[in-house]
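J.: Sequential numbering from 10 applies to the sequence shown in my numbering.
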Amino acid sequence: MRTGGILKLAALVSVFFLAAFLAFELLEINLDFHFAPTKQSRYKCGLSKPCPEGHFSFKMASGAASVVGPKICLDDHILMSGVKNNVGRGLNIALVNGRTGLLMKTEFFDLWAGDVNPLIQFLNKIEDGTIVMMATFDDSATKLNDVAKQLISDLGSSNISSLGFRDNWIFVGGKGIKTKSPFEQHIKNNAESNKYEGWPEVLEMEGCIPRRQD
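As structure tokens, then:
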């Protein structure tokens, strides 16, 4: 009996360690799949492919609910993020020189408890040839009026007129643009489809912005 009990115990221990080993291996494979660098070269801002010559690489994300702020990257430089401590509730904006790709200014405007007039003044001062990158965080629509919406529309936005309470929206346009921008995403705040309680899911966008030549 004693010998049989020892053998059973040894068998159980062996099975336990085998199960633990297999679980570890599966976890390691899963982690490698999700987090390990791929063999493919890493491109600017983490894009899946490089941008053609004469273009700036960009990647951006809206805020997540009222917790995580937006993030804007251009040519491998983080322009705005929570880590840089230059984002806030409302509309977050980065201005970039359309010829050099250099950051000119960042600002955010609280359009829930704040005043829209500072935003209007800011938009009116943007110079021709400037790349304008915008991302929402929490609510960006409550104080947004028709004057501000028209100024943003003039930068190439197609969806700013329909931006509502706690919608998520990201956009890249430019001062002096002659057509509507292809770089824009908008998701409505909808209680039936929201990912978070009271807020829609995060929006992400990446692409290649043509460098201004003239």
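Glycine included, C-beta positions come from ideal geometry on N, C-alpha and C. On a predicted model such as this, the values are computed, not experimentally measured, just so you know.
Name the residue from Ser-167, Lys-158, Ile-81 and Asp-147 whose alpha carbon lies nearest to the alpha carbon of Asn-198.
T.: Minimum Cα distance to Asn-198 is reached at Asp-147.
J.: Cutting at 8 Å between CB atoms, please list the residues of its own chain near Thr-225, excluding the five before and the five after it.
T.: Past the edges of the chain, shown from 10 to 223, lies residue 225, and the structure says nothing about it.
J.: Residues in its own chain within less than 6 Å of Leu-128 by CB, not counting five upstream and five downstream?
T.: Phe-118 and Ala-157
J.: Using DSSP with H/G/I as helix, E/B as strand and the rest coil, what is Asn-95?
T.: coil
J.: Can you name the residues that DSSP bridges to Leu-83?
T.: The partner list for Leu-83 (beta bridge, DSSP) reads Phe-67 and His-86.
J.: Fully enclosed by the segment 89–157, which alpha helix (DSSP H) runs are 4 residues long or longer?
T.: 126–133
J.: Kindly indicate which residue of Lys-80, Pro-61 and Phe-192 has the alpha-carbon position closest to the one of Gly-97.
T.: Lys-80
J.: If distances are taken between C-alpha atoms only, which option among Pro-61, Glu-62, Ile-169 and Ala-73 comes closest to Trp-208?
T.: Ala-73
J.: Please state the DSSP three-state secondary structure of Gly-185.
T.: DSSP places Gly-185 in coil when its eight states are reduced to three.
J.: Go through its chain and collect everything with a Cβ distance to Asn-133's Cβ below 6 Å, but skip five positions before and after it.
T.: none
J.: Going by the CB atoms, is the gap between Ile-135 and Lys-204 shorter than 7 Å?
T.: In this structure, Ile-135 does not lie closer than 7 Å to Lys-204 by Cβ.
J.: Excluding the 5 residues flanking His-195 on each side, which residues of the same chain have their C-beta closer than 6 Å to its C-beta?
T.: Asn-168 and Trp-178
J.: Can you tell me the Cβ-Cβ gap for Cys-54 and Glu-215, rounded? I've got them flagged as a contact below 8 Å.
T.: 7 Å
J.: Buried or exposed: Lys-58, going by 16 or more other Cβ atoms within 10 Å of its Cβ?
T.: exposed
J.: Look at the Cβ atom of Leu-120, then the Cβ atom of Thr-151, and state whether they are nearer than 7 Å.
T.: yes
J.: What does the alpha-carbon distance come out to for the pair Ser-162 and Ser-170?
T.: Each residue's Cα considered, the two are about 8 Å apart.
J.: Would Gly-78 and Gly-91 be called neighbours here (beta carbons separated by less than 7 Å)?
T.: Cβ atoms of Gly-78 and Gly-91: closer than 7 Å.
J.: What does DSSP give as the partner residues of Val-77 in its beta bridges?
T.: Ala-73
J.: What does a CB cutoff of less than 6 Å around Lys-48 pick up in its chain, not counting 5 residues either side in sequence?
T.: Per-residue confidence for Lys-48 stands at a pLDDT of 46, beneath the threshold of 50, marking its modelled position as unreliable; the derived number appears in the next sentence. The answer is none, since no qualifying residue turns up.
J.: Quick one: is Thr-109 buried, meaning 16 or more other Cβ sit within 10 Å of its Cβ, or exposed?
T.: exposed
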